[in-house]
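Position 163 (the sequence shown) corresponds to 181 in the numbering used here; numbering is contiguous.
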Amino acid sequence: MKIENNKAITLNYTLKDDQGEILDQSNNASFIYLHGAQNIIPGLEDSLTGRVKDDKFDLVIKPEDAYGEYNSKITQVVDRSMFDTDEANEIQVGMQFQSQSEDGAMMIITVSEINGDKVTIDGNHPLAGITLHYNVHVVDVRDATEEEISHGHIHAHGESCGH
Ligand code: ZN
């Protein structure tokens, strides 16, 4: 069975950056997605189209086909008092928060720098601007269920998502 739209694909993968550092890894066939539903980055999805179970291959994906170029315009310096945290939950570099962008979309912001009471927050995806090196193993390809297709995502292990 070939990978095409409306198939459920199980992958093992290792993701590295240009320096060979491992950024992410899925080795126990726990990663499963709905092909053609833009659940994964475009560069990876496009490269998987037409592959079959047991295929193994390497991929290099440029930022524009992954998490986008780094955009310095979506960093912002805010006052520490903007954060309603208690002392046990002090603001630290690397902390992530959910936020809403001006157009209403949910985005993850990351604390990138702290200077006294000034906190720099960064709305870029942590992998923005990074060229991704994937080693991919197609573990399984199956037909997605009608419910999965109508929801636009996989229900792994028969879980319901509450939609
Ligand atoms: Zn669902």
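Note that the Cβ used here is the ideal one computed from N, Cα and C, for glycine as well. What you are looking at is a predicted structure, and each value in this text was computed from that prediction instead of being measured.
query: Suppose the cutoff is 7 angstroms on Cβ atoms and the five residues either side in sequence are ignored; what does the same chain contact list for Gln118 look like?; result: Met124
query: Since Glu166 and His173 are thought to touch, with beta carbons under 8 angstroms apart, how far apart are those beta carbons, to the nearest angstrom?; result: 6 angstroms
query: Taking the alpha carbon of Phe75 as the point to measure from, which residue in Asp140, Tyr31 and Gly180 has its own alpha carbon closest?; result: Tyr31
query: Can you tell me whether Gly180 is buried or exposed? The criterion is at least 16 other CB atoms within 10 Å of its CB, across all chains shown.; result: exposed
query: For a test of the three-state rule: what should DSSP assign to Lys71, helix, strand or coil?; result: coil
query: Taking C-alpha atoms, which residue in Ser178, Tyr152, Thr163 and Ser168 lies nearest to Ile59?; result: Tyr152
query: Counting contacts by CB-CB distance shorter than 7 angstroms, is Gly134 in contact with chain C?; result: Here chain C cannot be found, since the structure has a single protein chain.
query: Taking C-beta to C-beta, are Tyr88 and Ala146 nearer than 7 angstroms?; result: yes
query: Of the choices Met100, Lys71, Glu120 and Gly68, whose alpha-carbon is the least far from that of Ile92?; result: Glu120
query: Among Ile109, Arg160 and Asn24, which has the Cα closest to the Cα of Asn133?; result: Ile109
query: Which one or two residues does DSSP pair with Ile126 in a beta bridge?; result: Gln116
query: Enumerate in chain order the residues of its own chain whose CB-to-CB distance from Thr28 is below 6 angstroms, with the five nearest sequence positions on each side excluded.; result: Ala47, Ile50, Val157 and Asp158
query: Shorter than 6 angstroms, the distance from the beta carbon of His155 to the closest heavy atom of the ligand ZN, or not?; result: no
query: Can you list, in chain order, the stretches of the beta strand (DSSP E) that have 3 or more residues and sit fully within the stretch 21 to 69?; result: 25 to 34 and 40 to 52
query: Are the Cβ atoms of Ile148 and Asp35 separated by less than 7 angstroms?; result: yes
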